[in-house]
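Visitor: Take this structure first; my questions come after.
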Amino acid sequence: MSLDTTTLIAILAMAAVTYLTRIVGLFVADRLVLTGRAKAAFDAIPPAVLVAVIAPTALTTGWAEAIAAAITAVAAFRLPLLGTVAVGVVSVVVLRNVL
């Protein structure tokens, strides 16, 4: 396997831009004063990311994962993000052992 220099430079440049986007987002997000719809949109980002990670697993694997995804979705209405993730992990582990 060989790697072209141009390809390597492109990969490294994309990685740097991605990393810088994340870092700049941390600094800019603290300075934003959000109200109304913009605040609601920003508050919806963590659950949306969680659903984007869980949905493919829930829809393409077995019953344990599908049930755990439903439990996690219910937990997301009452718990903070870390608590929701913990409920999801524990429920999938338990259900995999039970089912």
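Quick note: the sequence shown uses the numbering used here, first residue 25, plus one each step.
Don't be surprised by glycine CBs; every beta carbon is placed ideally from N, CA and C.
Remember, it's a predicted structure, so these values are computed and weren't measured experimentally.
Looking at C-beta atoms only, is the number of pairs between the region 103-115 and the region 86-95 that lie closer than 8 Å three or more?
Guide: yes
Visitor: Output the residue ranges of the alpha helix (DSSP H) runs that lie fully inside the region 53-85 and measure 4 residues or longer, sorted by chain position.
Guide: 60-67 and 69-84
Visitor: Measuring straight from C-alpha to C-alpha, what distance separates V122 and L103?
Guide: 25 Å
Visitor: May I ask which residues mark the beginning and end of the alpha helix (DSSP H) holding R102?
Guide: Premise fails: R102 is in no alpha helix (DSSP H) and is neither H nor E.
Visitor: Determine, using beta carbons only, whether T81 and A72 come nearer to each other than 9 Å.
Guide: no
Visitor: Hey, would you say F66 sits closer than 9 Å to A76, going by beta carbons?
Guide: no
Visitor: Rounded C-beta distance between T108 and T96? I'm assuming under 8 Å.
Guide: Confirmed, Cβ separation roughly 6 Å.
Visitor: I78: buried (16+ other C-beta within 10 angstroms of its C-beta) or exposed?
Guide: buried
Visitor: Just to confirm, are L105 and L56 a CB contact at a threshold of 9 Å?
Guide: In this structure, L56 does not lie closer than 9 Å to L105 by Cβ.
Visitor: Which same chain residues, not among the five before or five after K63, have their C-beta less than 8 Å away from its C-beta?
Guide: none
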